[in-house]
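K.L.:
Got a structure for you, written out below as structure tokens; questions coming shortly.
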Amino acid sequence: MKKSLIVLSLFLAGCSSVSEPVGDPVPELVMDEGVIVVEGSEFSFSPDDISLPAGEVRQILFKNVGRAPHDFVIEGTDIKTSIIAAGGEELIEFTVPENGLYSIYCSVPGHRRSGMEGDFIAQ
Ligand SMILES: [Cu+2]
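Going by our numbering, the letters in the sequence shown line up with residues 4 to 126, in that order.
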């Protein structure tokens, strides 16, 4: 008996991914109507680099996703949250300060030194 060889042709044209994701994954930095979500944990902020237009009124929702108390402070301004317990959050609204590079940090003793700091750029 003779066996036939079957040649398979691969049609690469059109990597057919017919299915589309039902919903977009939530990005880490959520820009929704001016609200920026910043997460704090041991010992970092996410994002740790925030850039906003000077003079505009914006909101930051600070979420403590860690296990220790944390806060969010923009150095050299009066912009800050309360110290938030683990799992808590606080929404602050403020006018972005004048052009410049500011530091953000957590004011709980030892946390900034351990890495809870970042940049805030008003431009
Ligand atoms: Cu902290």
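Just so it is clear, CB atoms sit at the ideal spot from N, CA and C, and this is done for glycine as well. Note that the structure is a prediction, hence the values are computed from the model and not measured.
1. For P30, count neighbouring Cβ atoms within 10 angstroms of its own Cβ and tell me buried if that reaches 16, exposed if not.
2. For E1, which residues of its own chain have a beta-carbon under 7 angstroms away from its beta-carbon, when the five flanking residues on both sides are left out?
3. In terms of residues, what are the limits of the beta strand (DSSP E) holding A125?
4. So is the beta-carbon of P72 under 8 angstroms away from any non-hydrogen atom of ligand 1?
5. Put A57 into one of helix, strand or coil per three-state DSSP.
6. Measuring alpha carbon to alpha carbon, tell me which residue in I95, P72 and R61 is nearest A125.
P.N.:
Let's see:
1. For P30, the pLDDT reaches just 47, beneath the cut-off of 50, and the residue's location in the model is therefore unreliable, although a value from the coordinates is still provided. It counts as exposed.
2. Past the boundaries of the shown model lies residue 1; the chain is included only from 4 to 126, so the question cannot be answered.
3. Where A125 is concerned, the enclosing beta strand (DSSP E) stretches over E120 to A125.
4. yes
5. coil
6. R61
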